[in-house]
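Trainee:
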Amino acid sequence: MPESLVDLEHQRNAILQQMLRMPDFRSGSITATRGTCGKANCRCHQPNQPGHGPNYRLTRKVNGKTVTETFATSAELHKAQREVETYHRFRQLAQELLEINEKICRVRPVEQELTPSKKKRRKSSSRKWLAK
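Spelled out as structure tokens, the structure:
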């Protein structure tokens, strides 16, 4: 059964209200890294040792460039994890909004033109031909 235009508009408004109530969010992905230090006798250089860490980093694209942010405390990490999760929810809602809007565009009736369409005059060429 096709949905009515009113129902679709209510669904769209509900999605928009959810988006307006969302807390702070940011894009990117959080990864854990481990590394070795510069001390030759440190345990991180021993075989089968994982190294120092884990160090958590948020990586994202800004104007075509990769930007990385490292978190010093677990509180910063948890805050960033919540913000990234909220961003994923935002993306999901944006996709749902797009799908609802496409349905609205298909269901909404075509409005009649108020004035008859006029045939446009051809523009004369601005290029001047020189006779030889």
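To convert, note that position 32 of the sequence shown is 31 in numbering that gives the first Met the number 0; the numbers rise steadily by one, no gaps. By construction, the Cβ of each residue, glycine as well, lies at the ideal position given by its N, Cα and C atoms.
1. Bridge partners for L57 per DSSP, in chain order?
2. Can you give me the C-alpha to C-alpha distance between N100 and Q111, rounded to a whole angstrom?
3. Leaving out the 5 sequence neighbours to the left and right, which residues in its chain are closer than 8 Å to L96 when beta-carbon positions are compared?
4. Exposed or buried, which one is L4 when buried takes at least 16 other CB atoms within 10 Å?
5. Quick one: is G27 buried, meaning 16 or more other Cβ sit within 10 Å of its Cβ, or exposed?
6. Within the continuous alpha helix (DSSP H) that includes M18, where are the two ends?
7. Tell me, which residues are paired with H51 by DSSP?
Mentor: Answer, in terms of the structure:
1. In the sequence shown, residue 57 corresponds to position 58, counting from 1. BP columns for L57 point to I29, E68.
2. For the purposes of this step, residue 100 is taken as the residue at position 101 of the sequence shown. For the purposes of this step, residue 111 is taken as the residue at position 112 of the sequence shown. Looking at the two C-alpha atoms, the distance is approximately 21 Å.
3. Within the sequence shown, numbered from 1, the residue matching residue 96 stands at position 97. Correct list, in chain order: R11, I14, L15, M18.
4. Working through the sequence shown from its first residue, we reach residue 4 at position 5. Burial call: exposed.
5. Working through the sequence shown from its first residue, we reach residue 27 at position 28. Its Cβ being crowded by 16 or more others within 10 Å, G27 is buried.
6. Working through the sequence shown from its first residue, we reach residue 18 at position 19. M18 -> alpha helix (DSSP H) spans 4-19.
7. Indexing the sequence shown from 1 puts residue 51 at position 52. For H51, which the question treats as bridged, DSSP gives the partners G34.
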